[in-house]
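Undergrad:
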Amino acid sequence: MTSPAPLPPATELREQLLNVLKTKGLRRLDKPVQLASGAMSQDFIDGKEALQSGPDLLLAAQAMTATIAEVDIEFDAAGGMTMGADAMSAAIAVVNGCRWFVVRKEPKNRGTRKLIEGASLGAGDRVLMVEDVVTTGGSTFKALDVVAETGAQVVAAVALVDRGDTATPGFVERNIPYFPMATYITLGIAPVISP
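In the numbering used here, the protein residues as written are 6 to 200.
Have a look at this one:
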């Protein structure tokens with residue numbers, strides 16, 4: 006991995022990112038909608054819409070990179086479950102000069118039939134797990150299990166937004182440092198309770 010360019014302080018980057026999330030990714034709906042976790046919420050957070058512009062995506066990658074650098078965690082590859090992690094994983098790889106990957110929900114039904122696309126992971130690789138919006142952590146934990154089967158070590162996890170209090174205990178149980186860039190508290194919305 007090449008040395009990343011010096012970045013502004015993580016707190017400054019996270020504050021800028023929070024503004025992007027509030028103005029471009031957070032919507033208050035008339036009626037609750039079902040989230041991927043099965044929970045219902047009137048507050049919908051669209052991480053992909055929030056980061057659709059290059060500068061906003063770069064800001065998210067820089068905020069995640071600076072946050073991990075503050076705690077002296079080093080990684081060789083960044084990735085997570087498709088689609089939530091796709092753009093951010095590639096952007097983090099560009100900012101850090103490392104590799105990126107995504108985990109498919111199902112093996113590809115042709116060709117190599119791989120579950121992991123992008124970087125080939127194995128023993129000795131230090132991995133940063135990436136997710137956009139976390140409610141229960143289910144997608145991230147599935148991706149984490151797939152990565153663990155390669156022999157790679159997950160050294161930390163980052164998320165654009167954590168919508169509740171359900172995922173954190175799972176990361177603690179797995180002894181994986183977890184860093185959401187924004188939470189339901191900083192966004193000023195109600196937490197999502199698991200169904």
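Every residue, glycine too, gets a C-beta built ideally from N, C-alpha and C.
A2: which of K29, G84, T72 sits nearest, CA to CA?
TA: Only positions 6 to 200 of the chain appear in this structure, which leaves residue 2 out of reach.
Undergrad: Within the same chain, show all residues whose beta-carbon is closer than 6 angstroms to that of I121, passing over the 5 residues directly before and after it, in chain order.
TA: In the sequence shown, the residue the question calls residue 121 occupies position 116. Only F106, V108 meet the Cβ criterion.
Undergrad: Can you round the beta-carbon distance between A82 and V135 to whole angstroms, since I take them to be within the 8 angstroms contact cut?
TA: Within the sequence shown, numbered from 1, the residue matching residue 82 stands at position 77. Within the sequence shown, numbered from 1, the residue matching residue 135 stands at position 130. A82 to V135, Cβ: 10 angstroms. No contact.
Undergrad: Does the beta-carbon of T16 have 16 or more other beta-carbons within 10 angstroms, so that it is buried, or is it exposed?
TA: As a working mapping, residue 16 is identified with position 11 in the sequence shown. T16 comes out exposed.
Undergrad: Alpha carbon to alpha carbon, how far is T145 from V151? Give it in angstroms, no decimals.
TA: To locate residue 151, count along the sequence shown from 1; it is residue 146. To locate residue 145, count along the sequence shown from 1; it is residue 140. Near 10 angstroms, if we compare the C-alpha coordinates of T145 and V151.
Undergrad: What do you reckon, are the CB atoms on T140 and A41 nearer than 8 angstroms?
TA: Position 135 of the sequence shown holds residue 140. Position 36 of the sequence shown holds residue 41. Contact: yes.
Undergrad: May I have a chain-ordered list of the alpha helix (DSSP H) segments no shorter than 4 residues that lie completely inside the stretch 136-181?
TA: DSSP runs (the alpha helix (DSSP H)) wholly in the stretch 136-181: 143-153, 172-178.
Undergrad: To which residues of the same chain is L23 closer than 8 angstroms at the C-beta, ignoring the five residues directly before and after it?
TA: For this step, residue 23 is matched to residue 18 along the sequence shown. Cβ neighbours of L23 beyond the five flanking positions: M186, A187, T191, L192.
Undergrad: Would you say the stretch 157-176 touches the stretch 66-78, given that touching needs at least three Cβ pairs under 8 angstroms?
TA: Judged by Cβ distances under 8 angstroms, the stretch 157-176 makes contact with the stretch 66-78, as three or more pairs qualify.
Undergrad: Using beta-carbon positions only, say whether A92 and L62 come within less than 8 angstroms of one another.
TA: Reading the sequence shown from its first residue, position 87 is the one you call residue 92. Reading the sequence shown from its first residue, position 57 is the one you call residue 62. In contact: A92 and L62 (Cβ atoms closer than 8 angstroms).
Undergrad: Helix, strand or coil: which one does DSSP assign to L56?
TA: The residue you call residue 56 lines up with position 51 of the sequence shown. Residue state, collapsed to three classes: coil.
Undergrad: Which of the three DSSP states is assigned to M69 in this structure?
TA: As a working note, residue 69 is residue 64 in the sequence shown. M69 falls in the helix class under three-state DSSP.
Undergrad: With distance defined between alpha-carbon atoms, name the residue in T173, V159, E54 nearest to M88.
TA: Along the sequence shown, read from residue 1 onward, the residue named residue 88 stands at position 83. When only C-alpha atoms are compared, the closest one is E54.
Undergrad: Rounded to a whole number of angstroms, what is the C-alpha to C-alpha distance between C202 and G129?
TA: With the chain covering 6 to 200 only, the question about residue 202 has no answer from this structure.
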